[in-house]
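A quick write-up on the structure given underneath.
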Amino acid sequence: MLDVEKEYAKLGLKKDEFEKIKSFLKRKPNYLELSIYSVMWSEHCSYKSSRSLLKNFKTTGTYVLQGPGENAGILDIGDNQAIVFKMESHNHPSAVEPYQGAATGIGGIIRDIFAMGARPICSLNSLRFGKLDTSQHQKYLFEMVVKGIGDYGNCMGIPTIGGEVYFDKTYEGNCLVNAMSVGLAQKDKLIKSKAFGIGNQLVLIGSSTGRDGIHGATFASDELNEESEARRPSVQVGDPFMEKVVLEVCLELLDKKLILGLQDMGAAGITSSSVEMASKGDVGLDIDVAKVPLREPSMVPYEIMISESQERMLALIEPAKFDEIKNICNEWNINCEVIGTVTDNKLYRIFKGDELIGEIPVKTLTDEAPVYYHKHEKPRYLQNMPEKSLHEEDYENIERKFSNNEIFKKIISSPNICSKKWVWEQYDHMVQTNTAVLPGHDSSVIRIKNTKKAVAFSCDGNGRYCYLEPYNGALIAVAETARNLACSGALPIGLTDCLNFGNPEKPGIFWQFKNVIEGIIKACEVFDIPVISGNVSFYNESFGKAIHPTPVIATAGLIKDVEKITDSGFKDDNDEIILLGRDLNNKSDNDNMGGSEFLEIFFDKVEGKCPDIDIEYEKKIQKTCLELIDRRLIKSAHDVSSGGLAVTIAESCIYGKKGAEINAGLLENNFLKTFYSETQSQIVVSCLPENFKKIEEYCNNEKIPLERIGRVGGTILNINSEINIHIGEIINIYDNNIEKIMTI
Amino acid sequence: MPFDKKPYFGILVFPGTNCETDCFHVLNNILKVRCKYIWHKESHDDDINAIIIPGGFSYGDYLRSGAVARFSPIMSFVREFASKGGLVTGICNGFQILLEENLLPGAMLRNNTLKFICRYSYLKVIDAGNPFTSGYEKGKIISMPIRHNEGNYYIDEKGLIDLKENNQIILKYCNSDGITDASSNPNGSIENIAGICNKKRNVFGLMPHPEACCEKILGSDDGRAVFESMINNII
Amino acid sequence: MPVKGQVNFIMLKVNVYVTLKKEILDAQGLVIKKAIKQIGYDNINEVRFGKFIQLEIDDRDKTEEDIKKEIDYLGDKLLSNPNIENYRFEMVRE
Amino acid sequence: MPVKGQVNFIMLKVNVYVTLKKEILDAQGLVIKKAIKQIGYDNINEVRFGKFIQLEIDDRDKTEEDIKKEIDYLGDKLLSNPNIENYRFEMVRE
Ligand SMILES: Nc1ncnc2c1ncn2[C@@H]1O[C@H](COP(=O)(O)OP(=O)(O)O)[C@@H](O)[C@H]1O
Ligand SMILES: [Mg+2]
């Protein structure tokens, strides 16, 4: 017998947590019970460090059918239809085993979606690695993560339509893999995970249970170090074919109204899925481990209970329906076993056949789990942070060293700026035949068949900005996703987030976290975008060093008329190019180099202040863009983000395969600042020349600055006669640079 | 009904198939013809008069793409249906299944890039004298999405000569100018082959996804003519 | 160790090796070869990538001949594609 | 046949077998097993799917020990994924 007094710390429990368990049980737990507490109280499952702050999010609104709390959030998009989505991290597993870690991350988030009764219609992913040129290992991680995401989603027949990838030193020891999935459901067929009805049964559907992923939830709640390597047995492997079958079976069961509740099995396996179901329904549950189909017969109860074997679902059923359910599962050749029964005693009881082997009050695992409000304090690195990242002589130095063409090419060839084509070409982004805007544009757009509607998605999160100013960085993350949506003609209606941070027990980290949360709250309030789901990933540190705080925001938008979908490519020669939202003659608008790509590329530093953002003003810009699209006055729209204005213009050229003649009137000689500052709230649009007057009128009314900066046409991108490059050369650099780096 | 021949398509579904609804959508919603799904465990179907084997990952493509699906009961019906002259089109994984089943000659290898490829590719219509591409002009350059891991078509020398002599090569990968060379070959496929038919010209396999490009909103409707050709040629 | 005749009660293991035919370009093998050279082992001449399938068979009611026929059938129809691959197998009893 | 010591001028073949660790789900093996049962051979108990990599090495300037070390290095770093797979190898001279 294992001595629990000696074991609790190994399972990640603290001394006072162990004491708390004893007081709940009024006795010492046995090892099985201890294991159950340890996974349920892990940061990953209990959100013990973040719960107190997350509850301040705005979670309701016009479109919200379900906010945080279920497997995924739900938004009403009209016509009795709803979209269901959530984003989740799989950072630690991916750092250790990139292919399987990423694959099972996708698998997990997809299960969350169909657990709500929705058919998954697309996925997105947000990835962070160290710089590609520093080591083969970063390339290996990048390559395998992308392959893992692709192989899983492709096999499932769910298009991966968008996302983002950043490379920065800060992620060298701790890459980030955040995956999001979106489902479409009939509003009246949505289902929840609550267990109810004394005597109803829990049925385990899908893969058999093996020793994989034992203590995965605990693993995800710890820092990475040498020991992580040794804990490799936690690795789980994905079986996308099985998941595809499980998906079809579950949707069929729902369609035939054979199940009352559905819950996926993710971290902490049977334990967390069944405990959550019981807790939500405020009922008790009897689980029989002897009924669980095993891969290895020698597995012991605690292993069965916390195994994280993939591709399993738990359904709540009426006993009378079991035979029909079993038949459907047989038709698809998958397991289907009753493993639990709903009881009225509010106890979570584990049996092995007739033998009672564990008994825990349900609520002590969930509602009464520990909550921490950690100490927070402005981190030391911010105390001496210079206000200004660059001085006049720095710009002069760069200009002396490089021509403007060279500077431009360096910027657009940066893996953070250039096309992520190498990534998305490995993802099936067209299956289901709804992808109305292919990857590469500001947002990814999925049309809804048999309606005039489309939904759009964009995800973003700038770790450098959040490192410099967590609050502003978070405002910008939300603002940028909403701005991307506006550029596509979509009204933002809800968001999900994945908050990636270091160890929250360190006051500096918790301060970052707190500020980011406050930023998100503020932005959501101003933009009127509710948070409907999300995920927190702490302990993203390697060897004691935390990543930049990286909140990833993914926002959904609604497009009422597919005819109005807009993308970022220039369309026709002679179209007018207009810059909305920025006064090029305003000095402060032009000095936003802090945390910029320019600063990183030419000075190799992350310094200064992150760009200012006036969020009320930002909202006006976005509204203007949407209005101009709605009135069909503009043909393309593309916002300014990483890399600055020059990159935005170039991308519109690239996507339209058009040249452009840009002549922006500048007050003084500040070409670099004007074109590479990452000033917020700017959108570059193009229009028929005869529409300019109407646009100008609208913008004047709204007090939005606008400036005609050039015309579409030719085969050259010419910017103020300083940059002058053939569009073919630009496309070649932009499109192929990642592939080039990856094949060295 | 725009067609007096009353076509009725059967769309096969194996575990892991994932383009069946895409095909259904095109046939039913866009081209307004009747169609239905046929589960792989069925042994036959007497209603239908054309068969589509859609794309996806039947059985996960875990051993070899298409290798396991061929043992499903429905496949003996497909063989019989084809032997009687019925029209059968296999798209992507469907093409791979037809190869494994030997209803079409040759085999599929991993893409020589060793990567899944998803993007639009130009295709040249090499032959229009068959029931599947009669709606295109011979030599026309069209654009369709390709989305596969294993589209590197292989056939031995003798088989290739046969294919050519019988005009069985129907589609080839090319560039926007119609050049079919190594640089316009996405996956290493022999002679840039993207689609072939059998000698009797009633079984067609192609790697590109015509069902994914039948509406302008998806970027192209170049794929429609494949289905329209079938509809017009159903006997 | 190869088995002779009919043996009861013990599981028979069959190892099946599936390899691409010689004349077929082995893209996976090539990539591995390149990677090996990159590591610095330049004495590598060729790499061929194949599949290794281990079957565990209950041969209680079958003769060795039966089993061999079964495996040959599987090898031809399922485990390999004769247009591009060869297979061979061996029976082992551990 | 295993080689002993240093042998010149003949190519050395090394067969590397990569298999999934016992505790790891073998999704491919499961699908093959189901397919075999579907074909009608129900005496199959288990199928494990692995990789079979053949290397051809010029061992002129190396001892057997050198080669073994090299293969072990490759097995760990390149040919198998130690998170989920094991490998073993044998040297043959045909
Ligand atoms: N990991 C990825 N998977 C799929 N698409 C991606 C990925 N990373 C980036 N993309 C796509 O590349 C385009 C540019 O991404 P990004 O530079 O982050 O856009 P933006 O600056 O507008 O936020 C977007 O269309 C995005 O969806
Ligand atoms: Mg953008």
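Note that the protein sequences, when read in sequence, are chains G, H, Y and S.
744 is the number that this note's numbering gives the last residue of the first sequence; the numbers go up by one with no jumps.
979 is the number that this note's numbering gives the last residue of the second sequence; the numbers go up by one with no jumps.
1073 is the number that this note's numbering gives the last residue of the third sequence; the numbers go up by one with no jumps.
1167 is the number that this note's numbering gives the last residue of the fourth sequence; the numbers go up by one with no jumps.
Glycine included, each C-beta is placed from N, C-alpha and C at the ideal position.
No experiment lies behind these values; they were computed from the predicted model shown.
Non-local C-beta neighbours of residue 842(H) in its own chain, meaning closer than 8 Å and more than five positions away in sequence, comprise 797, 810, 832, 834, 848, 947 and 949, ordered along the chain. At a cut-off of 9 Å between beta carbons, residue 917(H) makes no contact with chain Y. Chain H places no beta carbon closer than 9 Å to that of residue 1117(S), leaving this residue out of the contacts. Assignment of residue 1121(S) by DSSP, reduced to helix, strand and coil, places it in the strand class. Residue 892(H): not part of any alpha helix (DSSP H); member of the beta strand (DSSP E) spanning 885-892, first to last residue. Between residue 1008(Y) and chain S, the shortest Cβ-Cβ separation is below 9 Å.
Nearest Cα to residue 508(G) within the set 121(G), 581(G), 381(G) and 428(G): 381(G).
Within the region 578-613 of chain G, complete alpha helix (DSSP H) segments of at least 4 residues are found at 597-603, given in chain order. Counting only residues of its own chain and dropping the five nearest sequence neighbours on each side, residue 398(G) has a CB closer than 8 Å to the CB of 407, 602 and 672. DSSP places residue 385(G) outside both helix and strand once states are collapsed to three, so it counts as coil. Of 553(G), 22(G), 50(G) and 72(G), the smallest CA-CA separation from residue 191(G) is found for 72(G). With respect to residue 121(G), residue 159(G) sits close: the two C-beta atoms are nearer than 9 Å. The Cβ atoms of residue 816(H) and residue 760(H) lie no closer than 9 Å to each other.
The beta carbon of residue 760(H) falls within 9 Å of a beta carbon belonging to chain G, placing the residue at that interface.
Spanning the alpha carbons of residue 858(H) and residue 1008(Y) requires a straight line of approximately 11 Å. For residue 1064(Y), the enclosing beta strand (DSSP E) covers residues 1064-1071.
Among the residues facing chain S, residue 998(Y) is included, as its CB has a counterpart in that chain under 9 Å away. Separation of residue 704(G) and residue 583(G) (C-alpha to C-alpha, rounded to the nearest whole angstrom) is 9 Å. Three or more Cβ pairs closer than 8 Å define a contact, and the region 715-734 of chain G meets that threshold against the region 653-662 of chain G. The Cβ of residue 815(H) sits closer than 9 Å to at least one Cβ of chain S. With respect to residue 652(G), residue 721(G) sits apart: the two C-beta atoms are not nearer than 9 Å. Under the three-state reduction of DSSP, residue 180(G) is assigned to strand.
Excluding five sequence positions before and after residue 804(H), the CB atoms of its chain that fall closer than 6 Å to its own CB belong to 760, given in chain order. Across the set 54(G), 12(G) and 690(G), the C-alpha of 12(G) shows the shortest separation from the C-alpha of residue 37(G). Relative to the Cα of residue 311(G), the nearest Cα in the group 112(G), 176(G), 87(G) and 415(G) belongs to 112(G). For residue 290(G), same chain residues with a beta-carbon under 7 Å away, outside a window of 5 residues either side, are 352 and 353 in chain order. Here DSSP, grouped into helix, strand and coil, assigns residue 18(G) to helix. By the C-beta density criterion, residue 680(G) is buried, having at least 16 other C-beta atoms within 10 angstroms.
Look at residue 926(H): its C-beta is not under 9 Å from any C-beta on chain G. The residue from 1032(Y), 1062(Y), 1026(Y) and 1006(Y) with its alpha-carbon nearest to that of residue 844(H) is 1062(Y). For residue 436(G), the enclosing beta strand (DSSP E) has its first and last residue at 435-437. Under the Cβ criterion (8 Å, minimum of three pairs), the region 558-565 of chain G does not count as touching the region 635-649 of chain G. For the 9 Å CB-CB criterion, residue 570(G) and residue 577(G) form a contact.
The alpha helix (DSSP H) runs of length 4 or more contained entirely in the region 839-891 of chain H do not exist; there are none.
Ranked by Cα distance from residue 325(G), the first of 259(G), 264(G) and 300(G) is 259(G). CA-to-CA, the gap between residue 69(G) and residue 400(G) works out to about 56 Å.
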